[in-house]
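1 is the number of the first residue of the sequence shown in the UniProt record's numbering; add one for each residue after it.
Heads up, the beta-carbon is just placed ideally off N, CA and C, and yes, glycines get one too.
Okay, so here's the structure we're looking at.
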Amino acid sequence: MIQRTPYADALTYAIMVAGFFLLIGPFIVVISGASQSVQQVNSVPFNFMPQGEFFTNAQAAWQRANLGNALLNSMIMATLVTIGKVALSAFTAFAIVFFRSPLRHLFFWTVFITLMLPLEVRVVPTYSVAADVFQPFRSILGLFGIEITLEWNLLNSYAGLTLPLIATATGTFLYRQFFMTIPDELAEAARMDGSGAARFFVDMLLPLSRTNMLALTTIMFVYAWNQYLWPLLMITDPSYKTVMMSLRALLPADDGTPDWNVTLAGSLIIILPPLLVVAFLQRWFVRGLVSSDK
């Protein structure tokens, strides 16, 4: 049995306070720097007290990086990716848990193994397919001597930004863990009442898994919002640029005094949407993770 002592309590609180400042420190720097002038933000030592230049800096960042259009594109991308991931993972987990196929465990582990293959690892074949969607079909038909000239690509489109990111092993795993806690008697009772698979899924499983759904929504929205590499590969049209791509325009020029105040103001604007989503869904996020671990 672990016995509490004053020294252990003091050490625990010291570690917690140190961790708090390590987490909150970068936000203090961003908030302070975003509200300072060029001279103030470049002064040594750095002044951690906020000043009154935030709206001026935010306006400059908004115009320099065209943040209005970029925020709209990122919001569309993050929303579509989140909806797609939540829906697809729910359908996949439902099929794995409630359809008694002898291969269902093989299907699950095949999906689960993809957790070890992030987008950065499979970016080359994924981009190859997105740049020429019908190329795999042409290759297969070519083996039989059939040639077709169909061509279609997903470059510079919302489909290209979202469709290759929708598949998720993490969401499937979370839903599977929750669905496994549903007693078989509930599915049997629904079957005896004449409910089909679709009705059982919509009327019973979805309401019960609302907490998991909101937790997964939080994770996937932040994931999609922070995407940089994939939009960088897919987008060459400035009208489709996302906020992460627009960050480059906020970097100070090589010549002259670096205006980090404008960069920090733009960064603060960019992190606000996911921050608000996490703050709003935090309670359900924690509940969803706890219930998925049963």
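Under the three-state reduction of DSSP, which class applies to residue 242: helix, strand or coil?
-> coil
Exposed or buried, residue 116, counting other C-beta atoms within 10 Å across all chains shown (16 or more means buried)?
-> exposed
Span separating the alpha-carbon of residue 94 from that of residue 202 | 11 Å
State the CB to CB distance for the pair residue 296 and residue 91, rounded to an integer number of angstroms; the pair is presumed to be in contact (CB under 8 Å).
-> Because the chain is modelled from 1 through 294, residue 296 falls outside the range shown and cannot be assessed.
Look at residue 160 and residue 234 and say whether their C-beta atoms are less than 8 Å apart.
-> yes
Report the residue from 240, 266, 231 whose alpha carbon sits nearest the alpha carbon of residue 251.
-> 266
Report yes if the C-beta distance between residue 212 and residue 33 is below 8 Å; otherwise report no.
-> It is not a contact, given that the beta carbons lie outside the stated cut-off.
Can you grab the Cα-Cα spacing for the pair residue 52 / residue 168, in whole Å?
-> 44 Å
If you compare alpha carbons, which of 224, 174, 59 is closest to residue 244?
-> 224
How many Å lie between residue 134 and residue 144 at the Cα?
-> Answer to the nearest angstrom: the Cα atoms are 16 Å apart.
Best match in 249, 166, 97 for proximity to residue 380 [C-alpha to C-alpha] = The chain is shown only over 1 to 294; residue 380 falls outside these bounds and no answer can be derived.
Measuring alpha carbon to alpha carbon, tell me which of 214, 221, 253, 149 ends up nearest residue 283.
-> Per the Cα distances, 214.
Compute the distance between the beta-carbons of residue 246 and residue 57, then report whether it is under 8 Å.
-> no
With burial defined as no fewer than 16 other Cβ atoms inside 10 Å of the residue's Cβ, what is the status of residue 298: buried or exposed?
-> Any property of residue 298 remains undetermined from this structure, which presents the chain solely from 1 to 294.
Collapsed DSSP secondary structure at residue 1 in the structure displayed = Since pLDDT at residue 1 reaches only 47, below the 50 mark, its modelled position is unreliable, and the value read off the structure follows with that caveat. Coil.
Are residue 164 and residue 126 touching if we call contact CB-CB under 8 Å?
-> yes
With DSSP collapsed to three states, give me the class of residue 132.
-> coil
Taking only the alpha-carbon atoms, compute the straight-line gap between residue 222 and residue 230 and give it to the nearest angstrom.
-> Going by the C-alpha atoms only, they are around 15 Å apart.
Residue closest to residue 70, alpha-carbon to alpha-carbon, out of 226, 286, 255 | 226
Where residue 237 and residue 156 are concerned, what is the direct C-alpha to C-alpha distance, given to the nearest angstrom?
-> Roughly 6 Å separates the two Cα atoms.
In whole angstroms, what is the alpha-carbon distance linking residue 146 and residue 130?
-> 22 Å
Cβ pair residue 50, residue 35 closer than 8 Å | yes
Report the rounded CA-to-CA distance for residue 154 versus residue 162, giving the unit in angstroms.
-> 10 Å
Based on Cα-Cα distance, which residue from 68, 39, 205 lies nearest to residue 241?
-> 68
Could you tell me how far apart the beta carbons of residue 220 and residue 86 are, in whole angstroms, since I believe they sit closer than 8 Å?
-> 7 Å
Return helix, strand or coil for residue 213, following the three-state DSSP convention.
-> helix
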